[in-house]
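**Q** This is the structure, below, for whatever I ask next.
Number of protein chains: 2
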Amino acid sequence: MKQVNLGFLGCGNIGGGVYRLLQEMQEELLRRDSIKVSVTRILVKDIDEALQINAAKGLDVPRALLTEHVEDITSDPTISIVCEFMGGEQPAASFMEQALAAGKHVVTANKVALALNWARLQRTAEEQHVGLWYEASVGGVIPIIRVLNVNLESDQIDRVFGIINGTTNYILTRMASEGKDYAEVLADAQRLGLAEPNPATDVEGMDAAYKLSILASLAFHGRVTYDKVYREGITAISAADIAFGKEMGYTLKLLGIAKKQGNTVETRVHPTFLPKDHPLANVDGSLNAIFVHGKYCRDMMLQGRGAGDMPTASAICGDIVEAALSDKVHYPTFDNTDTPAPDFVFTDDWITRAYIRLSAVDAPGVLARVSESFAAEQVSIASMIQKEAEEGARVPMIMITHPAPEQAIRRALARLAEDECTVEQMIRVED
Amino acid sequence: MKQVNLGFLGCGNIGGGVYRLLQEMQEELLRRDSIKVSVTRILVKDIDEALQINAAKGLDVPRALLTEHVEDITSDPTISIVCEFMGGEQPAASFMEQALAAGKHVVTANKVALALNWARLQRTAEEQHVGLWYEASVGGVIPIIRVLNVNLESDQIDRVFGIINGTTNYILTRMASEGKDYAEVLADAQRLGLAEPNPATDVEGMDAAYKLSILASLAFHGRVTYDKVYREGITAISAADIAFGKEMGYTLKLLGIAKKQGNTVETRVHPTFLPKDHPLANVDGSLNAIFVHGKYCRDMMLQGRGAGDMPTASAICGDIVEAALSDKVHYPTFDNTDTPAPDFVFTDDWITRAYIRLSAVDAPGVLARVSESFAAEQVSIASMIQKEAEEGARVPMIMITHPAPEQAIRRALARLAEDECTVEQMIRVED
Chain A
1 MKQVNLGFLG CGNIGGGVYR LLQEMQEELL RRDSIKVSVT RILVKDIDEA LQINAAKGLD
61 VPRALLTEHV EDITSDPTIS IVCEFMGGEQ PAASFMEQAL AAGKHVVTAN KVALALNWAR
121 LQRTAEEQHV GLWYEASVGG VIPIIRVLNV NLESDQIDRV FGIINGTTNY ILTRMASEGK
181 DYAEVLADAQ RLGLAEPNPA TDVEGMDAAY KLSILASLAF HGRVTYDKVY REGITAISAA
241 DIAFGKEMGY TLKLLGIAKK QGNTVETRVH PTFLPKDHPL ANVDGSLNAI FVHGKYCRDM
301 MLQGRGAGDM PTASAICGDI VEAALSDKVH YPTFDNTDTP APDFVFTDDW ITRAYIRLSA
361 VDAPGVLARV SESFAAEQVS IASMIQKEAE EGARVPMIMI THPAPEQAIR RALARLAEDE
421 CTVEQMIRVE D
Chain B
432 MKQVNLGFLG CGNIGGGVYR LLQEMQEELL RRDSIKVSVT RILVKDIDEA LQINAAKGLD
492 VPRALLTEHV EDITSDPTIS IVCEFMGGEQ PAASFMEQAL AAGKHVVTAN KVALALNWAR
552 LQRTAEEQHV GLWYEASVGG VIPIIRVLNV NLESDQIDRV FGIINGTTNY ILTRMASEGK
612 DYAEVLADAQ RLGLAEPNPA TDVEGMDAAY KLSILASLAF HGRVTYDKVY REGITAISAA
672 DIAFGKEMGY TLKLLGIAKK QGNTVETRVH PTFLPKDHPL ANVDGSLNAI FVHGKYCRDM
732 MLQGRGAGDM PTASAICGDI VEAALSDKVH YPTFDNTDTP APDFVFTDDW ITRAYIRLSA
792 VDAPGVLARV SESFAAEQVS IASMIQKEAE EGARVPMIMI THPAPEQAIR RALARLAEDE
852 CTVEQMIRVE D
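Chains as they are written, first to last, in the working numbering: chain A, 1 to 431; chain B, 432 to 862.
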């Protein structure tokens, strides 16, 4: 039997879930793996406040475990694994670095801290011969990190894409099923605790972009930094766009998409229309799903709970057990730097189809001039809907293009004469 | 840089794929993981024959690598990892045991040899402090072994089920799309090399049952031996059943199903009707897909290529790289014995719905008596189709039951008077 002592940095929803899981499974883990896993110290901001919150949640954490000083964990020689549940970049990243520097394994689900401080954290871990584990940082319980790091280590991945943010998926799912507008559903999600009071990180796509930078770095074996991820959120999506898309057979999802062809890399997070029978089109609510395509493995799809305290806790505890059983860190690492991989060519001119909603004056020749603008940039229109309007009002004109370079589509839109035709929306379409 | 020498036992389709992948990726693996992986010895039955076969496949394996003596691999101190590609239980199992006993890591995709010899192989590996790796033994490239062994090690899995045999999935997919009968599609699959000349292992469900015994053992952390898996193949499936099922909204798949409730365990491989919008209903051809449900992780689905030389090679090479990088074997093991877990209660009275096809005489009162037989066993009928027949001929009567104990359904069928009503088919239905 091996005693394994954990220190927690923070103990919110996820931390509380991990604490609960480890309590419930302590005997079973002893039986399964001959390890006794105990949480021996928990860093909180304010002990009295933490006790109140835990009591309200029905989580029985003894006061003696709580501390307000990170050194009580990083300097405790009996603690071998530090689990970080603080969220946000700082002080989480520097606390993790302190723990690694003190020779402790670190387990985290913190995609922000990881995406922005990976090189320093990994370097410190390597110097100290300890491990940095982050399975739960992307896709919750979906095993994508270990799949990329271990299962597909000898493959050549050229594509990773999927639904990797639960909040936006929840909002888009409800907008589609209820026909409501973004602001209304967001307010409701906030009321239900499913969106943050300040929802920017989720709804503006930052959370998905942090995750995509992690996935792309692992998949392509070279650093794809956060700033290399093109990003558009869902704040400009209207109920009308979702309805028009539905009419044309498409469902809207916020996707993270990473592709590599030769050395050219594209990474982008944006609302995306998918054919309504696409496997991702039916991944609703807090479910996440990730596709991987590689030269040898071909296509693979992984689907599971991307959020929720207990699913995330399950993934984190998988890391904890592996860290507890590993004398040596076996995670393959890629060339880990703070700068984008020098041999990658990052492009913003990917090939895509686009849904475009225009608002045009109802006059002869407008449609012809719109068509000419697209034709001039070699962008071909696959389908189109034009709605009748009230006398004198502008008419909505919706079109979906064939695949074309992103920049050509943008140039075509820039050609439109503003006085007779305004671009209301452009949403990319994947098949 | 670490030099890693591999010995291959056999070099057929899969072995050839692994050889090719490692050649193509040798430089990249050196860059990624600082390991140089070389195949230095290959056991074949007949060197001249092997050279001919490799030449026909365009696989350039030097004659000097080939041997007809397993000792040339097991006694070679420069070989640290032995990869088994022979298939079948023996001599594969005893050769693997020899390799482990000689202190070499073993990587295999051989579900038969593993399912029937696991305890001895695992014990030998543990005694020698080497690893036994088998990610590709179930579901090809689907990462189910590592997910159960590592990611979900601290969860409580109560359900694993899915499509885990490519040959039967190919046959059923074609039977459904072309309306052809089993024998005709099988003959065609054999002609195309997609089914073995002796197809019993696949079509009678043995292959899926070996795999399910492995999955259930890992998921439930106790030994579920092959003989504890209930098994029905697809040989008795007719085009008519597939057509009737389709009429009622169902698609037929051969599923492996493992469930655990308390200590009661059910493991079964049989043809299964699924609602046509079930995610598994659209997993066609050589695709495999596996569902997992656990107390903490909730539901997860993994989908990918279950067969094919290169996808399988990708999974095997993931194992090879992990074995090469691990000084210590970190795979959690369960209590590994040759006998079924003593605290498991294996049941054959699971709750299921059933599709039943009867052939009844066209006479007054028959339907009433059939209904009474089911009612007497508390089995309730959810839907029913009765077809008109030629004057005097027997009529097909198709019904789908509500969920009921398997044995109650069987007792109800046994009650039917044979002279007026014959049971032509019983196929389980899952939702």
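The beta-carbon is built from N, C-alpha and C at its ideal position, and this holds for glycine as well.
1) Listed from N- to C-terminal order along the chain, which residues in the stretch 568 to 602 of chain B have their beta-carbon within a distance smaller than 8 Å of any beta-carbon of chain A?
2) Counting only runs of 4+ residues fully inside the stretch 6 to 40 of chain A, write out the alpha helix (DSSP H) ranges in chain order.
3) Does the stretch 202 to 221 of chain A come close enough to the stretch 103 to 115 of chain A that 3 or more CB-CB pairs lie under 8 Å?
4) So Ser745/B is in the beta strand (DSSP E); what residue range does that whole segment cover?
5) Going by the CB atoms, is the gap between Gly441/B and Gly518/B shorter than 9 Å?
6) I want to see whether chain A comes within less than 9 Å of Lys726/B, judged by CB atoms only; does it?
7) Quick one: does Glu566/B have its CB under 9 Å from some CB of chain A?
8) Of all the CB atoms in chain B, is at least one closer than 9 Å to the CB of Pro332/A?
9) Beta-carbon separation of Asp394/A and Ser359/A under 9 Å?
10) My understanding is that Ala313/A touches Val18/A, with C-beta atoms under 8 Å, so please give their C-beta distance in whole angstroms.
11) Would Ser217/A pass as an interface residue toward chain B - the criterion being a Cβ-Cβ separation below 9 Å?
12) If you count every other CB in all the chains shown that lies within 10 Å of the CB of Glu734/B, and 16 or more means buried, which is it?
13) Output the distance between the C-alpha atoms of Ser511/B and Ile478/B, rounded to the nearest integer angstrom.
14) For Asn54/A, which residues in the same chain have their Cβ closer than 6 Å to its Cβ, ignoring the five residues on either side in sequence?
15) Given that Ser314/A touches chain B, what residues does it touch there, using C-beta distances under 9 Å?
16) On the CB-based measure, 16 or more other CB atoms within 10 Å of its CB, does Pro332/A come out buried or exposed?
17) Does any residue of chain A bring its CB to less than 9 Å from the CB of Gly749/B?
18) From Thr505/B to Asp155/A, what distance separates their C-alpha atoms?
19) Quick check: what's the CA-CA separation for Glu127/A versus Val269/A?
20) Which residues in the same chain as Met206/A place their Cβ atom closer than 6 Å to its Cβ, once the five residues preceding and following it in sequence are excluded?
21) Candidates Leu683/B, Ala540/B and Lys690/B: which alpha carbon is nearest Lys707/B's?
22) Use the C-beta contact count for Ser717/B: other C-beta atoms within 10 angstroms, 16 or more gives buried, fewer gives exposed.
23) Thinking C-beta only, is Ser373/A closer than 9 Å to Leu413/A?
24) Strictly by DSSP, which residues pair up with Tyr661/B?
25) How long is the line joining the alpha carbons of Ala567/B and Val578/B, rounded to whole angstroms?
26) Assign Asn719/B to one of three DSSP states: helix, strand, or coil.
27) Output the residue ranges of the alpha helix (DSSP H) runs that lie fully inside the stretch 494 to 519 of chain B and measure 4 residues or longer, sorted by chain position.
28) Using a Cβ-Cβ cut-off of 9 Å, state whether Asp431/A counts as contacting chain B.
29) If Val160/A and Ile290/A are in contact, beta carbons under 8 Å, what's the gap, nearest whole angstrom?
30) Find out if the Cβ-Cβ distance for the pair Leu6/A, Ile427/A is shorter than 9 Å.
31) Cβ atoms of Tyr210/A and Lys111/A: under 9 Å apart, would you say?
32) What residues from the stretch 690 to 715 of chain B come within 7 Å of chain A, judged by C-beta to C-beta, listed N to C?
33) In the DSSP output, what is His724/B paired with across the bridge?
34) Counting only Cβ pairs nearer than 9 Å, list the residues of chain B close to Val321/A.
35) Looking at the unbroken alpha helix (DSSP H) that takes in Glu424/A, where does it start and where does it end?
36) Cβ closer than 8 Å: which chain A residues qualify as neighbours of Pro742/B?
**A** Let me spell this out:
1) Near chain A, meaning a CB-to-CB distance below 8 Å, the residues of the stretch 568 to 602 of chain B are Val572, Ile573, Pro574, Arg577, Val578, Val581, Asn582, Leu583, Glu584, Ser585, Asp586 and Gln587.
2) Here the runs fully enclosed are 13 to 33.
3) By the C-beta criterion, the stretch 103 to 115 of chain A is judged to be in contact with the stretch 202 to 221 of chain A, since at least 3 inter-stretch pairs fall below 8 Å.
4) Ser745/B -> not in any beta strand (DSSP E); alpha helix (DSSP H) instead, spanning Asp740 to Leu756.
5) Taking a C-beta distance under 9 Å as the contact criterion, Gly518/B and Gly441/B qualify as a contact pair.
6) Yes, contact with chain A.
7) Using a CB distance cut-off of 9 Å, Glu566/B counts as an interface residue toward chain A.
8) Because Pro332/A carries a pLDDT of 49, less than 50, the predicted location of this residue cannot be relied on, and the following value inherits that uncertainty. Closer than 9 Å to some Cβ of chain B, the Cβ of Pro332/A qualifies, so yes.
9) Reading off the sequence shown, one finds Arg at residue 394/A, where the question assumed Asp. Yes, the pair counts as a contact, with Cβ atoms nearer than the cut-off.
10) That pair is a contact at about 4 Å.
11) For Ser217/A, the answer is no, since every Cβ of chain B falls outside 9 Å of its Cβ.
12) One point to set straight first is that residue 734/B is Gln, not Glu, in the sequence displayed. Here Gln734/B is buried. Its C-beta has 16 or more other C-beta atoms within 10 Å.
13) Whole-angstrom Cα-Cα distance: 23 Å.
14) Only Val61 meet the Cβ criterion.
15) Annotation: Cβ neighbours of Ser314/A in chain B (cutoff 9 Å, chain order): Asn582, Leu583, Ser585, Asp586, Gly725, Lys726, Tyr727, Cys728 and Arg729.
16) Below a pLDDT of 50, predicted positions are generally treated as unreliable, and Pro332/A, at 49, falls in that range; no measurement from the model is reported.
17) With 9 Å as the cut-off, Gly749/B counts as an interface residue toward chain A.
18) One C-alpha to the other measures close to 28 Å.
19) Counting only the Cα atoms, Val269/A lies some 34 Å from Glu127/A.
20) Excluding five sequence positions before and after Met206/A, none of the CB atoms of its chain fall closer than 6 Å to its own CB.
21) That would be Leu683/B, whose Cα lies nearest to the Cα of Lys707/B.
22) Under this definition Ser717/B is a buried residue.
23) For Leu413/A and Ser373/A, yes; Cβs fall inside 9 Å.
24) Bridge partners of Tyr661/B: Arg699/B.
25) Spanning the two alpha carbons is a distance of roughly 13 Å.
26) Here Asn719/B carries a strand assignment [DSSP, helix/strand/coil].
27) As far as the stretch 494 to 519 of chain B is concerned, its whole alpha helix (DSSP H) runs of at least 4 residues are 502 to 505.
28) Asp431/A is outside the set of residues whose beta carbon lies under 9 Å from a beta carbon in chain B.
29) Between the beta-carbon of Val160/A and that of Ile290/A there is about 7 Å, and that keeps the pair under the 8 Å contact cut.
30) No, Cβ-Cβ distance for Leu6/A and Ile427/A is not below 9 Å.
31) In this structure, Lys111/A sits near Tyr210/A, with a CB-CB distance shorter than 9 Å.
32) Of all residues in the stretch 690 to 715 of chain B, none comes within less than 7 Å of chain A when Cβ atoms are compared.
33) According to DSSP, His724/B bridges with Arg590/B and Asp730/B.
34) Neighbours of Val321/A on chain B, chain order: Val581, Glu584, Ser585 and Pro763.
35) No alpha helix (DSSP H) holds Glu424/A; the beta strand (DSSP E) holding it covers Cys421 to Val429.
36) Correct list: Tyr296, Cys297 and Arg298.
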